[in-house]
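Going by the numbering used here, the first residue of the sequence shown is number 14, and it counts up by one from there. Beta carbons are placed, not taken as given, at the ideal position from N, Cα and C, and that holds for glycine.
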Amino acid sequence: ARNRARSRRGSSLTLGKIDHSTMKSIAARFVACTLVILSACSRQPAFKDSGIAQALSSDELVAAAAKPTGVRVRKIGAALGGGVYRVESQTSFAIEADPLPPAFMKVFRREVEALIASRGATVEGSGGGGESGPFEFQFDYRWERNHGIIRIHTANEPSGMKVRVFCYEHSR
14 ARNRARSRRG
24 SSLTLGKIDH
34 STMKSIAARF
44 VACTLVILSA
54 CSRQPAFKDS
64 GIAQALSSDE
74 LVAAAAKPTG
84 VRVRKIGAAL
94 GGGVYRVESQ
104 TSFAIEADPL
114 PPAFMKVFRR
124 EVEALIASRG
134 ATVEGSGGGG
144 ESGPFEFQFD
154 YRWERNHGII
164 RIHTANEPSG
174 MKVRVFCYEH
184 SR
């Protein structure tokens, strides 16, 4: 038993002593493996979005909906952001109409649906109406490998009527 303990102790001491050239070899292999892993990770394609979020952050669609209904709109805020696998936009518009004609939201809904189609996306679901009547709607869409959602609603605030547009698109 004593001899076994010595041999184990001796072998562990031998393993614990690594000369300089062996250490350099281990470090070089570690660096090489790390570089291979990093280069494989960097080859993943960059996130590509449909452009729907950017288009919704402009005032073109709201202006197109306002023109035939006689409503005046003004953009009061917009935020466009994202990450490695997502893009998001939030835009607010002031509406000069009291009350807001339901025709405005109907035309705006058609404009948003046409935008989705023009970008080559497919509507996977939609909603609107409900308790709030015609003053809100949403679309779920798919574009290539991405999934997106658009929500649009109105809010009657002390400072006046607002339309809020939200879009979120992410890679699946």
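Inside the segment 66-136, DSSP marks whole alpha helix (DSSP H) runs of 4 or more residues at positions 73-82, 115-131, from first to last along the chain. Within the same chain, and ignoring the five residues on either side of residue 164 in sequence, the residues whose Cβ sits closer than 7 Å to its Cβ are 151, 179.
With the rule of 3 Cβ pairs closer than 8 Å, the segment 153-169 does not count as touching the segment 77-95. According to DSSP, residue pairing for residue 152 in a beta bridge involves 139, 163. In the assembly as shown, residue 42 is an exposed residue. Its beta-carbon has fewer than 16 other beta-carbons within 10 Å. A residue is called buried once 16 or more other Cβ atoms fall within 10 Å of its Cβ, and residue 111, having fewer, is exposed. One Cα belongs to residue 76, the other to residue 185, and the distance between them is close to 32 Å. Annotated three-state conformation of residue 184 is strand, per DSSP. If you draw a straight line from the Cα of residue 108 to the Cα of residue 96, it is about 31 Å long. With fewer than 16 other Cβ atoms from the protein chains shown falling within 10 Å of its own Cβ, residue 59 counts as exposed.
Rounded to whole angstroms, residue 153 and residue 172 show a C-alpha spacing of 31 Å.
If the five residues before and after residue 67 are omitted, its C-beta is found closer than 6 Å to no C-beta atom of its own chain. Apart from sequence neighbours up to five positions away, the residues of its chain that approach residue 84 with a beta-carbon distance below 8 Å are 78, 108, 109, 110, 113, 114, 117, ordered along the chain.
When the alpha-carbon of residue 69 is set against those of 101, 39, 119, the nearest one is in 101.
For residue 62, same chain residues with a beta-carbon under 7 Å away, outside a window of 5 residues either side, are 100, 159, 182 in chain order. Just measuring C-alpha positions, the residue of 93, 98, 175, 149 sitting nearest residue 106 is 175. The beta-bridge partner set that DSSP reports for residue 175 consists of 107, 168. Secondary structure of residue 38 (DSSP, three-state): helix.
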